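Here the structure comes first, spelled out in C-alpha cells, and everything after it is commentary.
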Ligand SMILES: [Zn+2]
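In my numbering, the protein residues as written are 41 to 473.
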C-alpha cells in the first residue's frame, strides 16, 4: 500500500540541520592529535600552484555521472553489464540466492558468480521475494534498467565504496527487514524504500571523504554547504536515476515526491559523523520503551537505524568476510592519504600508511562506532541474529587485538591516541565522513 500523502518520514529522524557531534563516538577520527594537522586549505605557495593543484585534484575525482553522459554524447554505447555467465555459474548464483537471508552470505563469491553483477541480481531478486514487483506493478525491464544504472554509477575502481559494498548493505538490510519485530509491522512501501535506499546509499562515491572534498574546494562541498556532502550527493544521484528510469512513472507525482524525500531521509542517516544524534534519539525511545511500530514515524526511525547498521556491519560478519572488508576500506583510506601527500594537502586521520595499521583502525572503529550502534540495536531487536552479530564483533575485535599485539611485539595493545581524544576540540573538517 502507498502511504498517506504527506507522511513525514523525514521527521522521524533528528532535525535536518546537523549538530556538532557529542561524546566520544567520533574519537576514532581524531588520531590526528598525534599526526601532523591537516591544512585547512590548499598550500599557499603561490596562487598559480594552488589553482593547478586544485584542478589536478578535481580531475582525479571524475564522477561516474559525468563519464556516463560524456560517453552518451560521444555516441559510445556502454557494455551491457546485465550479461550473465554460463548456466553453471548462473545455477550456483541461484543456489546462493536461496539463502539470501543468511547472515553468512558471501557477497564476494556471489559477485564472482554473477560476473560482477551482484547488486543488480541481488536487488532484483529481493524485489521479487518481497512481492514488490507485483504490489507496485513494476515493469521488470525498467526495474532491471534502473538497477543496471545504479550499479554502473558505483566506481568499480574504488577498493571499498563500490557496487559490491552496496550489494552487501542491501543484503544486510534484507536480513534486518526479516527480523520479527520489523517484518510484522512493515508495509510494502517501507520495504521498497529500504531496499532502494540500501542499494543507492553510496551512489557515485568518489573514494575520498568529505574533508577531502572540502579542502580541495570541490563543487559538491559548496553545493551542499559542507554538510553531509557525500550523502546528499548519493541521494540526489539516486533521485536522478529514479526519474531517468521512469520506474515509478505510473505513480502519482505526490507519491513520487514522497518517495524521493523518504529515500533521502534514509540515505542521510548513513552520515557517520551524525551517528550520535540518531543513536541518542533511538536510545531515548528504548529507555522509555515507547517505540510503537504502528506509528509511521517510529517505524521509519527504526529503518534509519537498520540502514545505519547495515552500512557499518562489516565487523559483525564472519572473520573471513570481515577481514576482507577491513583490508579494502584501509586501502581506500591509504589511497586518499597518498593523494593528499602528493599534493601537500595534509594527510587526513586514518589515511597515513606510514603510521596507521588495519588493526588499529579496526579496533577504534569497532569500539567507538560499531559497538555502541549494535548494542542499541540488540536492545531493540534481541534476536539470534543480533547475538550472532555481537558474537562476531567480539571475536573479530579480539583477532585484531591479537594482530596489534604481534605488530607491537607484545607491547600495550591500547592506543593512547584514543584515550586522549576530545571530539569537542577537533574542527569539523577533520572528521571522517
Ligand atoms: Zn556505505
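Each residue gets a CB set at the ideal place from its N, CA and C atoms; glycine is no exception.
All of these numbers come straight from a predicted model, not from anything done at the bench.
Requested in this report: Flag residue 301 as yes if its beta-carbon sits less than 9 Å from any beta-carbon of chain B, otherwise no.
Outcome: The chain inventory of the structure shown lacks chain B, comprising one protein chain alone.
Query raised in the report: In whole angstroms, what separates the C-alpha of residue 234 from that of residue 213?
Result: For the purposes of this step, residue 234 is taken as residue 194 along the chain shown, with counting starting at 1. For the purposes of this step, residue 213 is taken as residue 173 along the chain shown, with counting starting at 1. Distance between the alpha carbons of residue 234 and residue 213: 7 Å.
Query raised in the report: Are there 16 or more other CB atoms within 10 angstroms of the CB of residue 293, so buried, or fewer, so exposed?
Result: Locating residue 293 in the chain shown gives position 253, where the first residue counts as 1. Burial call: exposed.
Query raised in the report: Around the Cβ of residue 339, are there at least 16 other Cβ atoms within 10 angstroms (buried) or fewer (exposed)?
Result: Here residue 339 corresponds to residue number 299 of the chain shown, with the count starting at 1. Residue 339 comes out buried.
Query raised in the report: Does the separation of the CB atoms of residue 351 and residue 310 fall below 9 Å?
Result: For the purposes of this step, residue 351 is identified with residue 311 of the chain shown, where counting begins at 1. For the purposes of this step, residue 310 is identified with residue 270 of the chain shown, where counting begins at 1. For residue 351 and residue 310, yes; Cβs fall inside 9 Å.
Query raised in the report: Under a three-way DSSP split, which group does residue 143 fall into?
Result: Start at 1 with the first residue of the chain shown, and residue 143 comes out as number 103. DSSP places residue 143 in coil when its eight states are reduced to three.
Query raised in the report: First and last residue of the alpha helix (DSSP H) that includes residue 342?
Result: Within the chain shown, residue 342 is the residue found at index 302, counting from 1. From DSSP, the alpha helix (DSSP H) with residue 342 extends over 336-351.
Query raised in the report: Is residue 127 near ligand 1, in the sense that its beta carbon is under 8 Å from a heavy atom of that ligand?
Result: Residue mapping note: residue 127 aligns to position 87 of the chain shown, counting from 1. For residue 127, the shortest separation between its Cβ and any heavy atom of ligand 1 does not lie below 8 Å.
**Report entry** Beta-carbon proximity of residue 300 to residue 281, cut-off 9 Å
**Finding:** On the chain shown, residue 300 is found 260 positions in, with the first residue counted as 1. On the chain shown, residue 281 is found 241 positions in, with the first residue counted as 1. Result no, Cβ atoms of residue 300 and residue 281 do not sit closer than 9 Å.
Report task. For residue 165, I'd like the list of residues in its chain whose CB is within less than 6 Å of its CB, leaving aside the five on either flank, ordered along the chain. Result -> Residue mapping note: residue 165 aligns to position 125 of the chain shown, counting from 1. So the list reads 137, once near-sequence residues are dropped.
Query raised in the report: Taking C-alpha atoms, which residue in 401, 354, 377 lies nearest to residue 414?
Result: If you number the chain shown from 1, residue 414 lands on position 374. Out of 401, 354, 377, 354 has the C-alpha closest to the C-alpha of residue 414.
Query raised in the report: Do you know offhand how far residue 316's Cα is from residue 373's?
Result: Along the chain shown, one-based indexing puts residue 316 at 276. Along the chain shown, one-based indexing puts residue 373 at 333. Approximately 23 Å, taken between the alpha carbons.
Query raised in the report: For residue 207 versus residue 254, is the C-beta spacing smaller than 9 Å?
Result: On the chain shown, position 167 is the one that residue 207 refers to. On the chain shown, position 214 is the one that residue 254 refers to. No; because the gap between Cβ atoms is not below 9 Å, this pair is not in contact.
Query raised in the report: Would you say the beta carbon of residue 201 comes nearer than 8 Å to a heavy atom of ligand 1?
Result: Translated into the one-based positions of the chain shown, residue 201 becomes position 161. Under cutoff, so the answer is yes.
Query raised in the report: Just the Cα atoms here: how many angstroms apart are residue 435 and residue 259?
Result: For the purposes of this step, residue 435 is taken as residue 395 along the chain shown, with counting starting at 1. For the purposes of this step, residue 259 is taken as residue 219 along the chain shown, with counting starting at 1. Cα-Cα distance, rounded: 42 Å.
**Report entry** Check your reading: residues with Cβ closer than 5 Å to ligand 2 heavy atoms
**Finding:** Of the ligands one can find in the structure shown, namely ligand 1, none is ligand 2.
Query raised in the report: Which ranges would you report for the alpha helix (DSSP H) in the segment 210-248 if only whole runs of at least 4 residues count?
Result: Taking only runs of at least 4 residues, the alpha helix (DSSP H) segments lying wholly in the segment 210-248 are 220-223, 228-240.
Report task. Flag this pair as yes or no: are the beta carbons of residue 432 and residue 332 separated by less than 9 Å? Result -> Translated into the one-based positions of the chain shown, residue 432 becomes position 392. Translated into the one-based positions of the chain shown, residue 332 becomes position 292. Not closer than 9 Å, so no.
Query raised in the report: Just reading off the alpha helix (DSSP H) that residue 166 is part of, what are its end residues?
Result: Along the chain shown, one-based indexing puts residue 166 at 126. Residue 166 -> alpha helix (DSSP H) spans 158-169.
Query raised in the report: Which first and last residues belong to the alpha helix (DSSP H) in which residue 323 is found?
Result: In the chain shown, counting from the first residue as 1, residue 323 sits at position 283. Taken as a continuous stretch (DSSP letters only), the alpha helix (DSSP H) holding residue 323 covers 315-328.
Query raised in the report: Among 230, 216, 219, 330, which one has its Cα closest to the Cα of residue 172?
Result: Residue 172 sits at position 132 when you count from the first residue of the chain shown. Nearest of 230, 216, 219, 330 to residue 172, Cα basis: 230.
Query raised in the report: Sorted by chain position, which residues of the same chain lie with C-beta nearer than 7 Å to residue 369's C-beta, five sequence neighbours on each side aside?
Result: Numbered from 1 along the chain shown, position 329 holds the residue referred to as residue 369. If we look at residue 369 and ignore the five residues flanking it on each side, its Cβ neighbours are 200.
**Report entry** Cβ-based neighbour list, residue 202, same chain, cut-off 7 Å, excluding 5 preceding and 5 following
**Finding:** Translated into the one-based positions of the chain shown, residue 202 becomes position 162. Counting only Cβ-Cβ distances below 7 Å, and skipping sequence neighbours, we find 194, 195, 196.
Query raised in the report: Do you know whose CA, among 399, 185, 226, lies nearest residue 284's CA?
Result: By 1-based counting over the chain shown, the position of residue 284 is 244. That would be 185, whose Cα lies nearest to the Cα of residue 284.
**Report entry** Collapsed DSSP secondary structure at residue 309 in the structure displayed
**Finding:** Numbered from 1 along the chain shown, position 269 holds the residue referred to as residue 309. Secondary structure of residue 309 (DSSP, three-state): coil.
Report task. Kindly list the residues whose CB is nearer than 7 Å to the CB of residue 133, restricted to its own chain and excluding five residues on each side of it in sequence; keep chain order. Result -> Indexing the chain shown from 1 puts residue 133 at position 93. Once the five neighbours on either side are set aside, the close Cβ partners of residue 133 are 150, 153, 154, 161.
Requested in this report: Tell me where the alpha helix (DSSP H) around residue 132 begins and ends.
Outcome: In the chain shown, counting from the first residue as 1, residue 132 sits at position 92. Counting along the chain, the alpha helix (DSSP H) containing residue 132 begins and ends at 127-137.
Requested in this report: From the DSSP output, in three-state form, read off residue 360 for me.
Outcome: The sequence position of residue 360 within the chain shown is 320, counting from 1. Looking at residue 360 - three-state DSSP - the assignment turns out to be helix.
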